[in-house]
Every structure is written in C-alpha cells, then in structure tokens.
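Undergrad:
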Amino acid sequence: MRTHLLLTLFILLCALDTSSALPRFASRTGARCQSCHVNPSGGGMRQVFGVQYGRDQLPVPTWSEEFGLDDFSTKLTDFVSVGADFRTEYFNQQSPGTATNAFSQFQGDVYMNFRLAKKVNIYLDKGLDVGFEIFGLLNILPENGYVKVGKFLPNYGVKLDDHIVAPGGEHTGGEVAIAPGPVTIIGGVYNSVDPKGSSIDNNKLFLGRVEGMFKASDVNIGVGANVLTGKDLTQSGVGERATLAGAFGSLSYQNFTIFGEADLQKNTYGSSSVDSTGVITFVEADYVVTTGLDLKVRYEFIDLNKDIKSGSTSRYSFGFEFFPISGVEVRPMYRISKEDPVDIKNNEFDLMLHFYL
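Offset between the sequence shown (1-based) and the numbering used here: plus 13.
Right, dumping it as structure tokens:
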C-alpha cells in the first residue's frame with residue numbers, strides 16, 4: 014500500500030539514518046544545502062564550495078596535503094561535471110541464536126550535471142542497485158528561487174546518509190522555491206504512483222516546506238517545518254491517505270553541533286477503527302575533537318501507532334567519523350536497540366568505509 018511506501022521513504026530519509034546532505038555541515042557553515050550541492054534539496058553531487066569544503070576542512074591536514082591532488086576539480090569541461098559516493102559496510106548484529114555478520118555494498122552513486130546555461134542544469138544521479146534521479150533545474154525565480162522538474166525525492170525531512178533509499182522513493186513532478194533572506198519556502202506536487210505501461214494513477218503527492226538558517230554571534234541556528242500528503246487506492250479499492258508532518262532544527266557553536274527532527278504520520282483508510290498515527294523522532298550530537306575526527310551520538314524513537322501502548326522501538330548509537338585524507342571517511346558505530354514490550358538482543362556494530370568525489 015502506498016502509505017507503507019511513504020512510511021518507508023520517510024523513515025529512511027528522516028529517522029533511521031543516500032547520498033545525502035549532512036545536516037551538521039550545513040549547521041556548522043550556516044549555509045544552505047545548495048551552497049554545497051547541485052541538488053537544492055541537498056545530497057548527491059557537490060558544488061565547487063562543497064568539493065573544497067570536503068577536501069580542505071574535513072580531513073587530517075598533514076595527511077591530506079601528502080596524498081592530495083594539485084588543481085583537483087570535478088569539472089570535466091565548463092559544461093559537464095561529475096561526482097560519486099561509494100560506501101561499503103561491515104556489520105555484526107546480535108541475534109537470539111547466533112550473531113549475523115556480513116559485508117554490504119551500501120551505496121554506489123554516480124552523478125553528472127550538464128550546465129546548459131548560466132542558470133539551467135540537467136542533473137543525473139544513478140545508484141548501484143536502487144535510486145535514480147533525473148531533473149531539470151532552473152535557477153530563474155526572484156529571491157534566489159528555482160524550478161525543479163523531473164523524477165526525484167520530494168524535499169521532505171532531514172536527510173541522513175547511513176541508509177539507502179528504498180526502490181520507488183523517487184516521484185515524478187515538480188518543486189518551486191524562493192529564498193528571501195535566510196528563509197526558504199518550497200512547494201511541490203508529484204505523481205503518487207508513476208504510470209507503468211497503460212496504468213495511470215491520477216492521485217498526487219503535495220509538499221509544503223519552510224526552513225531558515227540564522228546566525229547569532231558565533232551560533233548558527235536552523236529551524237524548519239514541512240508536510241507531505243498523498244492519496245492512493247489500495248488493491249482492495251479502499252481509499253487511503255498518508256500525511257507526514259514534522260519540524261526539524263539544528264544548533265552549532267564552534268566544534269559542537271546538535272540537530273534533530275520530530276514527525277507524525279497519519280494513515281487514513283476511511284474507517285476510524287483502522288486509522289493510525291505514528292511518531293518518529295531523532296536527535297544527533299556531533300563534536301569535532303580535532304580536524305579529521307568527529308564524535309557522534311544519536312537517539313532514535315519509532316512508534317508506528319501511538320494509540321497502541323506497546324510496539325515502539327528506541328535506538329542509541331555512538332561512534333566516530335574519521336577523515337584521514339581527502340575523499341575518504343571511516344565510520345565505526347555501535348547501536349543499541351530497545352523494543353517494547355519484548356526487548357530483542359539485536360544490538361549491532363557497523364563499520365563503514367566511504368569514498369566521495
């Protein structure tokens with residue numbers, strides 16, 4: 014059912030950890046996502062500023078200088094640029110019987126951007142197994158606004174980078190945005206289900222989003238809220254609607270950054286006996302110990318039906334990110350999961366190796 018797909022998309026983007034923008038970097042710099050990324054929603058291919066930030070500000074300085082490339086650029090020509098994100102993960106998870114461990118090719122995304130004119134781009138993001146975005150971007154509206162048309166992820170929620178988006182997460186449609194001062198206002202409409210063969214679904218998804226980044230002395234403060242709602246028909250012919258609504262924010266002071274999000278999802282099936290409202294939240298704190306080394310702590314909470322007293326899951330994660338040289342990240346994390354009412358022994362250790370361009 015479509016609400017299940019929306020829920021999966023939402024969890025993957027917002028709460029359970031794609032090649033996406035990292036909110037702490039936006040908060041640290043006080044910059045919009047589009048300052049670092051071609052995609053104004055954040056994530057994917059990096060702009061010149063994003064490339065320079067990733068190479069100059071993240072890695073261990075002395076090591077990066079030794080292994081760095083002179084005159085490095087992701088521009089093939091004045092009109093074509095490329096990028097990539099490659100993540101391989103090793104995980105070891107507890108289970109009631111025996112531990113499970115394996116390697117996983119978590120991500121393999123290649124990006125291309127074709128600059129047709131000063132303010133006109135065609136953007137392509139192709140994942141290894143899942144994920145495909147292609148859209149035209151026109152930065153032509155007043156107040157630093159843009160029009161975005163194609164197939165892509167709706168700009169909902171805070172995007173994290175340690176879960177791949179499920180198949181079908183992208184929708185065909187368009188977004189329009191203006192950014193007067195520090196505030197950005199976004200509206201979008203998309204197909205609820207993209208046509209397959211002769212099948213046509215007239216239902217649509219609708220997005221509304223407002224966010225802002227503000228600076229007070231040495232503190233960067235980000236706040237925002239958004240809603241995504243859509244209706245579809247299930248195989249049983251019963252109308253259903255999913256509405257996601259939430260708020261997010263961040264605060265960064267010197268080497269410390271904290272950010273999080275809280276959301277509600279309401280599923281409506283036409284009968285109050287089966288309607289449900291879920292709660293999904295997360296908060297993460299990061300501290301830069303020294304250039305190249307960040308400590309991370311995260312808390313997540315998921316309750317898919319808050320009217321039922323049991324069935325919620327909490328997860329506590331801690332670890333660090335190490336950027337030894339330009340284009341390389343190593344991230345070990347340990348995650349403790351707590352289920353209600355029956356707690357399962359399923360804590361896990363993850364080690365991720367990330368190459369980025």
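All C-beta atoms in this analysis are idealised placements derived from N, C-alpha and C, irrespective of residue type, glycine included.
CB-CB under 6 Å to Phe-68, same chain, minus the five flanking residues each way: which ones, in chain order?
TA: According to the sequence shown, residue 68 is Arg rather than Phe. So the qualifying residues of the chain are Ser-339.
Undergrad: Based on Cα-Cα distance, which residue from Thr-185, Gln-267 and Leu-218 lies nearest to Leu-372?
TA: The question about residue 372 has no answer, for the chain in this structure spans 14 to 370.
Undergrad: Given a threshold of 16 other Cβ atoms within 10 Å of its Cβ, counted over all protein chains shown, does Ile-199 qualify as buried or as exposed?
TA: By the neighbour-count rule (16 or more Cβ atoms within 10 Å), Ile-199 is buried.
Undergrad: Which of the three DSSP states, helix, strand or coil, is assigned to Arg-41?
TA: The answer is helix: DSSP assigns Arg-41 an H, G or I state.
Undergrad: At the level of alpha carbons, what is the spacing between Gly-149 and Ala-192?
TA: Taking the straight line from one Cα to the other gives about 19 Å.
Undergrad: Excluding the 5 residues preceding and the 5 following Ser-40 in the sequence, name in chain order all residues of the same chain whose CB lies nearer than 8 Å to its CB.
TA: So the list reads Met-226, Asn-233, Gly-235, Ser-263, Leu-264, Ser-265, Thr-270 and Phe-272, once near-sequence residues are dropped.
Undergrad: Taking the straight line between their C-alpha atoms, what separation do you get for Thr-290 and Asp-276?
TA: One C-alpha to the other measures close to 10 Å.
Undergrad: Quick check on this structure: which residue in Ala-112, Phe-127, Gln-60 and Asp-353 has the alpha carbon closest to the alpha carbon of Thr-8?
TA: Residue 8 lies beyond the range of the chain shown here (14 to 370); nothing can be said about it.
Undergrad: Can you have a look at Ile-321 and say buried or exposed, based on whether 16 or more other CB atoms are within 10 angstroms of its CB?
TA: The residue is exposed, with fewer than 16 neighbouring Cβ atoms inside 10 Å.
Undergrad: Candidates Leu-366, Ser-54, Ala-255 and Pro-337: which alpha carbon is nearest Tyr-282's?
TA: Ranking Leu-366, Ser-54, Ala-255 and Pro-337 by Cα distance to Tyr-282 puts Ala-255 first.
Undergrad: Would a C-beta distance cut-off of 8 Å place Val-1 and Val-160 closer than the cut-off?
TA: Outside the displayed range of the chain (14 to 370) lies residue 1, so it cannot be described from this structure.
Undergrad: I need the straight-line Cα distance from Cys-49 to Lys-309, nearest angstrom please.
TA: Those two C-alpha atoms are separated by around 22 Å.
Undergrad: Between Val-296 and Tyr-312, how many whole angstroms is the CB-CB distance? I'm expecting something under 8 Å.
TA: Yes, Val-296 and Tyr-312 are in contact; Cβ-Cβ is about 5 Å, under 8 Å.
Undergrad: Tell me where the beta strand (DSSP E) around Glu-183 begins and ends.
TA: Per DSSP, Glu-183 belongs to no beta strand (DSSP E) and is neither H nor E.
Undergrad: Taking 8 Å as the cut-off, does the stretch 322-333 touch the stretch 50-62 (at least 3 CB pairs, one atom from each stretch)?
TA: Output reads no: the stretch 322-333 does not touch the stretch 50-62.
Undergrad: Can you find the residues in the same chain that come closer than 7 Å, C-beta to C-beta, to Asn-105, ignoring five residues on each side of it along the sequence?
TA: Contacts found: Ala-112, Asn-114, Glu-361 and Phe-362.
Undergrad: On the criterion of 16 or more Cβ atoms from any shown chain inside 10 Å, does Leu-220 qualify as buried, or is it exposed?
TA: Classification for Leu-220: buried.
Undergrad: Are the Cβ atoms of Lys-228 and Gly-43 separated by less than 8 Å?
TA: Yes. Within cutoff.
Undergrad: Can you tell me which residues form a DSSP beta bridge with Tyr-103?
TA: BP columns for Tyr-103 point to Phe-116 and Leu-364.
Undergrad: Between the Cα of Val-95 and the Cα atoms of Ser-108, Ser-54, Lys-139 and Arg-45, which residue gives the shortest distance?
TA: The shortest Cα separation from Val-95 among Ser-108, Ser-54, Lys-139 and Arg-45 belongs to Lys-139.
Undergrad: Going by the CB atoms, is the gap between Asp-214 and Val-206 shorter than 8 Å?
TA: Yes.
Undergrad: Taking C-alpha atoms, which residue in Arg-100, Lys-131, Thr-87 and Gln-107 lies nearest to Gly-121?
TA: The shortest C-alpha separation from Gly-121 is found at Arg-100.
Undergrad: What's the C-alpha gap between Val-51 and Tyr-136?
TA: If you take the alpha carbons of Val-51 and Tyr-136, they lie about 8 Å apart.
Undergrad: Arg-37 and Asp-299: beta carbons closer than 8 Å?
TA: Contact flag set, yes.
Undergrad: Using a Cβ-Cβ cut-off of 6 Å (strictly less than) and excluding sequence neighbours within five positions of Leu-317, which residues of its own chain qualify?
TA: Contacts found: Gly-291.
Undergrad: So, is Ser-77 buried or exposed, given that buried needs 16 or more other C-beta atoms within 10 angstroms?
TA: Classification for Ser-77: buried.
Undergrad: Return the first residue and the last residue of the alpha helix (DSSP H) that Gln-65 is part of.
TA: It spans 61-69 - the alpha helix (DSSP H) in which Gln-65 sits, taken as one unbroken run.
Undergrad: Measuring alpha carbon to alpha carbon, tell me which residue in Glu-342, Lys-358 and Tyr-347 is nearest Leu-366.
TA: Of the listed residues, the one whose Cα sits closest to Leu-366 is Glu-342.
Undergrad: Which residue from Pro-72, Met-346, Lys-319 and Gly-259 puts its Cα closest to that of Met-274?
TA: Correcting the residue identity first, residue 274 is Glu in this sequence and not Met. For Glu-274, the nearest C-alpha among the options comes from Gly-259.
Undergrad: Can you give me the Cβ contacts of Asn-239 inside the same chain, cut-off strictly under 6 Å, excluding the 5 residues immediately before and after it?
TA: Only Tyr-169 and Arg-222 meet the Cβ criterion.
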